[in-house]
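Encoded as structure tokens, the structure appears first; notes follow it.
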Amino acid sequence: MSTVAGNVWELSIRELINKRIVTFRHLRNTMALPLELPAEEGSMAVVPEVGQASDGSGSGSGSSKGAKHRAYFNALLFDPDDLRGMFNSIRLRKRTRTYFMLGASLGPILAISNPSDYIKALGILINEYDTFMAESGSKTKKRNFFRKSKGTEEHGSSMMQNGYELGNFSYLDTHLPPFDLDFLQVFDTFCQITVIMYTKLADSLLSIAISQSAFDNIAKIDSRFKKMIGVVTKELDELVKNAVTKELRLIDPLDMASPENEINTDWETGSVYK
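Residue numbers (the numbering used here): 47 to 320.
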């Protein structure tokens, strides 16, 4: 009976993991901004993707590991200015920092080779993250990124005097750089490392028996990342709504003929005049 339950739990977890991987990849591609560098004459030159010819022909060998800007659910290609407006780095400063902290904390955990220890460490990280968010509240203080913590330098010990003076954590790294972070850049990297985390989690299931406790632990880990997805997708849905409304207004005769528009249409003759 336990074997049957374990198989059911494993299938459920694998389906959940695959769903998260697809979602994070899609969000990253949806919110990707074109990488630009200054051209010689002061204009902006778009950097070609790896394996893509500089003349834009797309020829060449290899494949790009960077995000490709794609339409949101194959419905709408977001304008970079709209993305920057919705995900303003100053307005979302606190969220940007939490994404940075959680993403940076995942790095050392990914180096854990033992599958059981890896899953356990992820669970501890999420617990510490929830504790940190509950204790910090709205009173957050920036810490010098380059200042060493008190104690030993071995990861997993009580070395980590966290950046907000709320206590010690085993895996949550609360160090922050001494400058403001860009939300879209942080989110792009966060999506990458989260996909790696879920991929390693799927590989870990191949060598361990799924028990009720392991299932509950993974479900709790996933619930935290699911909430993060929910917040971002809600904001993207708002962007879609605004964009669709704008497009509908362009084809709405009553709206086009309103005094608020600079351009009026003579629907009898089909002429457009100002």
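Glycine included, every Cβ here is placed at the ideal spot set by N, Cα and C. Here the structure is a predicted model, which is why all the values come from computation and not from measurement.
Given a cut-off of 8 Å, decide if residue j and residue i are closer than it, judged by their beta-carbon atoms.
{"i": "Phe119", "j": "Thr240", "result": "no"}
{"i": "Ser151", "j": "Leu222", "result": "no"}
{"i": "Ile67", "j": "Ile256", "result": "no"}
{"i": "Leu247", "j": "Ile63", "result": "yes"}
{"i": "Val232", "j": "Phe146", "result": "yes"}
{"i": "Ala35", "j": "Leu73", "result": "No answer is possible for residue 35: the residues shown for the chain start at 47 and end at 320."}
{"i": "Asn263", "j": "Gly131", "result": "no"}
{"i": "Leu227", "j": "Ser135", "result": "yes"}
Got a sec, what are the start and stop residues for the alpha helix (DSSP H) residue i sits in?
{"i": "Ser250", "result": "229 to 250"}
{"i": "Tyr175", "result": "161 to 182"}
{"i": "Pro223", "result": "Counting along the chain, Pro223 falls outside any alpha helix (DSSP H), and DSSP gives it neither H nor E."}
{"i": "Ala260", "result": "258 to 297"}
{"i": "Leu129", "result": "126 to 132"}
{"i": "Leu143", "result": "A quick correction: the sequence has Arg, not Leu, at residue 143. Start and end: 139 to 156."}
With 16 other CB atoms within 10 Å as the buried threshold, where does residue i fall?
{"i": "Glu174", "result": "buried"}
{"i": "Asp268", "result": "buried"}
{"i": "Phe225", "result": "exposed"}
{"i": "Glu86", "result": "Here the model assigns Glu86 a pLDDT of 45, short of 50, so the residue's position is not dependable, and the following value carries that caveat. Looking at its Cβ environment, which holds fewer than 16 other Cβ atoms inside 10 Å, Glu86 is exposed."}
{"i": "Leu171", "result": "buried"}
{"i": "Val278", "result": "buried"}
{"i": "Glu199", "result": "Per-residue confidence for Glu199 stands at a pLDDT of 36, beneath the threshold of 50, marking its modelled position as unreliable; the derived number appears in the next sentence. Exposed, by the Cβ-count rule."}
{"i": "Thr291", "result": "exposed"}
{"i": "Ala167", "result": "buried"}
{"i": "Ile297", "result": "exposed"}
{"i": "Ile155", "result": "buried"}
{"i": "Phe191", "result": "Here Phe191 scores only 45 on pLDDT, less than 50, and its place in the model is too uncertain to base an answer on."}
{"i": "Ala117", "result": "exposed"}
{"i": "Leu294", "result": "exposed"}
{"i": "Ser159", "result": "exposed"}
{"i": "Ala180", "result": "exposed"}
{"i": "Ala78", "result": "buried"}
{"i": "Leu57", "result": "exposed"}
Pop quiz: residue i and residue j are said to be a contact at Cβ under 8 Å. What is the actual Cβ separation, rounded to whole angstroms?
{"i": "Ile165", "j": "Ala265", "result": "Between Ala265 and Ile165 the Cβ distance is about 11 Å, and since that is not below 8 Å, they are no contact."}
{"i": "Phe124", "j": "Thr76", "result": "7 Å"}
{"i": "Thr142", "j": "Phe215", "result": "Thr142 to Phe215, Cβ: 20 Å. No contact."}
{"i": "Thr235", "j": "Gly149", "result": "6 Å"}
{"i": "Leu285", "j": "Asp128", "result": "6 Å"}
{"i": "Ile242", "j": "Ser162", "result": "Actually they are not in contact, since the Cβ atoms of Ile242 and Ser162 sit about 19 Å apart, beyond 8 Å."}
Which one or two residues does DSSP pair with residue i in a beta bridge?
{"i": "Leu122", "result": "Tyr118"}
Just checking: is the beta-carbon of residue i within a distance shorter than 8 Å of some beta-carbon in chain C?
{"i": "Asn173", "result": "The displayed structure is made up of one protein chain only, and chain C is not part of it."}
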